Amino acid sequence: MIFGIGTDIVKISRIEDMKSLSRFAEKILSTEEHKLASSYKDEKLIKFLAKQFAGKEAISKAFGTGIRKPILFKDIEILRDENGKPLLNPLGGVKKTMINLGISKSHVSLADEFVRPSGCRKGYTS
43 MIFGIGTDIV KISRIEDMKS LSRFAEKILS TEEHKLASSY KDEKLIKFLA KQFAGKEAIS
103 KAFGTGIRKP ILFKDIEILR DENGKPLLNP LGGVKKTMIN LGISKSHVSL ADEFVRPSGC
163 RKGYTS
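Its first residue numbered 43, the sequence shown is counted upward by one per residue in our numbering.
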C-alpha cells in the first residue's frame with residue numbers, strides 16, 4: 043500500500059542567487075551527501091544542490107509533515123546507486139518515523155531541466 047507521494051520543484055536561479063552555497067549545503071546535506079557534492083563544480087554543483095533540496099522537500103511532503111521534527115533535512119539522505127539512481131537512506135528521525143509507520147520501501151525520482159529541478163517520492167507500507 044502506498045503511504046504517501048510527495049513532489050517538489052525548485053527554480054535553479056533560487057540556488058544560484060544564494061550568497062553562500064556552502065552554508066546552504068551545510069544546512070541540507072548529510073556527511074555522505076557532502077562527499078557526493080565535492081565531486082561537482084559550478085553549474086553541476088548548483089543542479090546537484092537543487093535536486094537534493096527538491097528531493098528532500100518531496101520526501102517530507104510524502105510524510106505529510108514538511109521539514110520539521112522529526113523529519114529534518116540532514117536525516118533525509120539521498121544517495122546514488124552504481125547507475126546513478128537516487129536512493130533514500132533514512133537517518134535519525136526519518137528512519138524512526140518510517141519504522142513507526144511501517145514504511146518498508148521508498149522510491150525517489152530526481153530530475154532537472156534548465157530552470158526547475160524536481161523530486162518525487164513514494165513510501166510503501168507492508
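Positions of the beta carbon are idealized from the N, C-alpha and C atoms, including for glycine. Please read all numbers here as calculations on a predicted model, not as lab measurements.
Would residue i be called buried (16 or more neighbouring beta carbons within 10 Å of its own) or exposed?
i	result
I118	buried
G106	exposed
L143	exposed
M140	buried
S72	buried
L130	buried
I44	exposed
E75	buried
Considering only their Cβ atoms, is the gap separating residue j from residue i smaller than 8 Å?
i	j	result
G135	K111	yes
K103	G48	yes
Using CA coordinates, which residue listed in the options is at the minimum distance from residue i?
i	options	result
I70	L114, Y82, L78	L114
A92	L63, G46, K103	L63
D123	G46, A67, L78	L78
D50	G108, A100, E75	A100
Run through the DSSP bridge pairs and tell me what residue i is partnered with.
i	result
E119	N131
Report yes or no: do the stretch 51-71 and the stretch 86-96 share at least 3 C-beta pairs separated by less than 8 Å?
-> Counting Cβ pairs under 8 Å, three or more are found: they touch.
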